[in-house]
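Report on one structure; see the data block that follows.
2 protein chains.
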Amino acid sequence: MKAKLLLVLIVIAGTVCLPGGLGCGQPTTPRGATELALPPPSTSGEVSVEQALGKRRSIRQFRRQDLTLEQIGQLAWAAQGITKPDTGFRTAPSAGALYPLELYLLTRDGVFRYVPKGHKLVQLAEADKRGDLARAALGQPWVSAAPLDFVISGVYARTRAKYGDRAERYVILEAGHVAQNIHLQAVALGLGSVPVGAYTDEAVSKVLDLSAEETPLYIIPVGYPAG
Amino acid sequence: MKAKLLLVLIVIAGTVCLPGGLGCGQPTTPRGATELALPPPSTSGEVSVEQALGKRRSIRQFRRQDLTLEQIGQLAWAAQGITKPDTGFRTAPSAGALYPLELYLLTRDGVFRYVPKGHKLVQLAEADKRGDLARAALGQPWVSAAPLDFVISGVYARTRAKYGDRAERYVILEAGHVAQNIHLQAVALGLGSVPVGAYTDEAVSKVLDLSAEETPLYIIPVGYPAG
Chain A
761 MKAKLLLVLI VIAGTVCLPG GLGCGQPTTP RGATELALPP PSTSGEVSVE QALGKRRSIR
821 QFRRQDLTLE QIGQLAWAAQ GITKPDTGFR TAPSAGALYP LELYLLTRDG VFRYVPKGHK
881 LVQLAEADKR GDLARAALGQ PWVSAAPLDF VISGVYARTR AKYGDRAERY VILEAGHVAQ
941 NIHLQAVALG LGSVPVGAYT DEAVSKVLDL SAEETPLYII PVGYPAG
Chain B
761 MKAKLLLVLI VIAGTVCLPG GLGCGQPTTP RGATELALPP PSTSGEVSVE QALGKRRSIR
821 QFRRQDLTLE QIGQLAWAAQ GITKPDTGFR TAPSAGALYP LELYLLTRDG VFRYVPKGHK
881 LVQLAEADKR GDLARAALGQ PWVSAAPLDF VISGVYARTR AKYGDRAERY VILEAGHVAQ
941 NIHLQAVALG LGSVPVGAYT DEAVSKVLDL SAEETPLYII PVGYPAG
């Protein structure tokens, strides 16, 4: 009875960590939120790892052309896709397989969160918030001009439960892994991207309505290189 | 005259930052250190980005087989190689192109530092220090068993000169980018790797004789997967 009550309280609070860090800052899906199935990701392609490494450049000028759902899904998979269903292991390593990162996508169609399990998106807002995000990022125009902005956030508490003082470093390292996957996958799709770290954390959190446990660690605009 | 004296003092000190962060914690090459030319890196290959993303796993058991200089050079290039010689831009992005990371390699033949310009190694020690590194990493056996250990260090001061309080986050993110490049390049070469973050910073710094400005951010053992 007591255990049940505790569980109910944890669910209500939404931000309390279960032993092992489970449940820490897990984003809640709004009631009635639309889920969007993504096309199965491709695990083969035409561009080699070496080619992509050699060609990757930070791209800040984008054509005004939307990405397809296939492209969006492939990029999200590259970032955080599950590649070993029995364990839930992903495309980027995570200390203790605790997966402290969340991945948001902003397009003209709204704001979405990527759900690795089932490879799908949950729609969090229907408004185009890329302009708001650009303003939170000191007005950097590529943030509003790109057809797709990723935001990678980190929940330090998930990793802290096991790794203590090292957690913040680990989570930020993991965001760097994910970002590089996005950059290389973008090259392989004929797209370009740029890592954006200059923004006000509080302002980005407000645009995305992040929980207090989440820290926005990167913005990554992606699109067709202009010119 | 005064300017010359100042410059001499800066060179002697080795750790003073010139305006713009130049020279901050730039590692010095020991007098008479052996330079080792690396074979030109390949910018084409057989394994696609998508395949590498799908296959990458953390590998902690390695065959007792040394890597070739070609493999070592290719991995170092993937980590920090220059891909645009006129600007010095590299395989992984860096905030403000300030390049605050240093890359060390430990093999049975000694300790080396990768020099992106000219794609070469500088030998810093002739002793096999992988066992010492494993002890600094809480005895993790894959650190001593792997034929090659990378250590990525960061010099926060180089980035702080331009980005202030955000510097530490940026530098750690960049180490994550580099680590993921190593992991994916390893897969493309038929090798395996694992990111190791659990170690005593001070102990790793001592093994590598790092300057006080450098923080060891990652150890990445690489080798042929066992079994």
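So the protein sequences, as listed, match chains A and B.
Residue numbers for the first sequence follow the working numbering, so the first one is 761 and each next one is one higher.
Residue numbers for the second sequence follow the working numbering, so the first one is 761 and each next one is one higher.
Heads up, the beta-carbon is just placed ideally off N, CA and C, and yes, glycines get one too.
Report all residues from its chain with a CB closer than 8 Å to the CB of residue 794 of chain A; omit the five preceding and five following residues, and keep chain order. As a working note, residue 794 of chain A is residue 34 in the first sequence. So the list reads 882, 883, once near-sequence residues are dropped.
Which residues does DSSP pair with residue 883 of chain B in a beta bridge? Looking up residue 883 of chain B in the second sequence gives position 123. DSSP lists B/872 as partners of residue 883 of chain B.
Should the region 869 to 877 of chain A be called in touch with the region 930 to 950 of chain A, which here means at least 3 C-beta pairs below 8 Å? Touching, no.
Going along the chain, which unbroken runs of the beta strand (DSSP E) with 3 or more residues stay wholly within the region 798 to 883 of chain A? Here the runs fully enclosed are 842 to 844, 861 to 867, 870 to 875.
Short CB-CB distance (under 8 Å) between residue 977 of chain A and chain B: Counting from one through the first sequence, the residue named residue 977 of chain A turns up at place 217. For residue 977 of chain A, the answer is yes, since a Cβ of chain B falls inside 8 Å of its Cβ.
Is there a Cβ of chain B sitting closer than 8 Å to that of residue 937 of chain A, yes or no? For this step, residue 937 of chain A is matched to residue 177 along the first sequence. So, interface residue.
So residue 955 of chain B contacts chain A; which residues on that side make the cut at Cβ distance below 7 Å? Residue mapping note: residue 955 of chain B aligns to position 195 of the second sequence, counting from 1. Chain A residues near residue 955 of chain B: 853.
Which listed residue (B/945, B/828, B/902) has its alpha carbon closest to that of residue 956 of chain B: Along the second sequence, read from residue 1 onward, the residue named residue 956 of chain B stands at position 196. Cα-wise, what sits closest to residue 956 of chain B is B/902.
For a quick check, are the C-beta atoms of residue 906 of chain A and residue 964 of chain A less than 8 Å apart? Counting from one through the first sequence, the residue named residue 906 of chain A turns up at place 146. Counting from one through the first sequence, the residue named residue 964 of chain A turns up at place 204. Contact flag unset, no.
Got a sec: which bits of the region 800 to 824 of chain A sit with their beta carbon under 9 Å from any beta carbon on chain B, in order along the chain? Using a CB distance below 9 Å, the part of the region 800 to 824 of chain A facing chain B consists of 801, 802, 803, 804, 805, 806, 807, 808, 809, 810, 811, 812, 813, 814, 815, 816, 817, 818, ordered along the chain.
What's the gap between the Cα of residue 824 of chain B and the Cα of residue 984 of chain B? Sequence index remark: in the second sequence, residue 824 of chain B carries index 64 (1-based). Sequence index remark: in the second sequence, residue 984 of chain B carries index 224 (1-based). Each residue's Cα considered, the two are about 8 Å apart.
Identify the residues that DSSP records as bridge partners of residue 982 of chain B: which are they? Within the second sequence, the letter at position 222 stands for residue 982 of chain B. Bridge partners of residue 982 of chain B: B/908, B/953.
Can you find a C-beta in chain A that's less than 8 Å from the C-beta of residue 780 of chain B? Position 20 of the second sequence, counted from the start, is the residue given in the question as residue 780 of chain B. Caution is warranted here: a pLDDT of 45 is assigned to residue 780 of chain B, below 50, making its placement in the model unreliable, and no coordinate value can be reported.
How big is the Cα-Cα spacing for residue 880 of chain A and residue 822 of chain A? Working through the first sequence from its first residue, we reach residue 880 of chain A at position 120. Working through the first sequence from its first residue, we reach residue 822 of chain A at position 62. If I take the Cα positions, the gap works out to 26 Å.
Pull up the distance between the alpha-carbon of residue 893 of chain A and that of residue 959 of chain A, whole angstroms please. Residue mapping note: residue 893 of chain A aligns to position 133 of the first sequence, counting from 1. Residue mapping note: residue 959 of chain A aligns to position 199 of the first sequence, counting from 1. C-alpha separation (whole angstroms): 9 Å.
Does the distance from the CB of residue 816 of chain A to the CB of residue 931 of chain A come in under 8 Å? Numbered from 1 along the first sequence, position 56 holds the residue referred to as residue 816 of chain A. Numbered from 1 along the first sequence, position 171 holds the residue referred to as residue 931 of chain A. Going by beta carbons, residue 816 of chain A and residue 931 of chain A fall outside the 8 Å limit.
Starting from residue 891 of chain A, trace the alpha helix (DSSP H) both ways and give me its first and last residue. Here the question's residue 891 of chain A lines up with position 131 in the first sequence. It spans 890 to 896 - the alpha helix (DSSP H) in which residue 891 of chain A sits, taken as one unbroken run.
Given a threshold of 16 other Cβ atoms within 10 Å of its Cβ, counted over all protein chains shown, does residue 962 of chain B qualify as buried or as exposed? Translated into the one-based positions of the second sequence, residue 962 of chain B becomes position 202. Taking all protein chains in view, the Cβ of residue 962 of chain B is surrounded by fewer than 16 other Cβ atoms within 10 Å, so the residue is classified as exposed.
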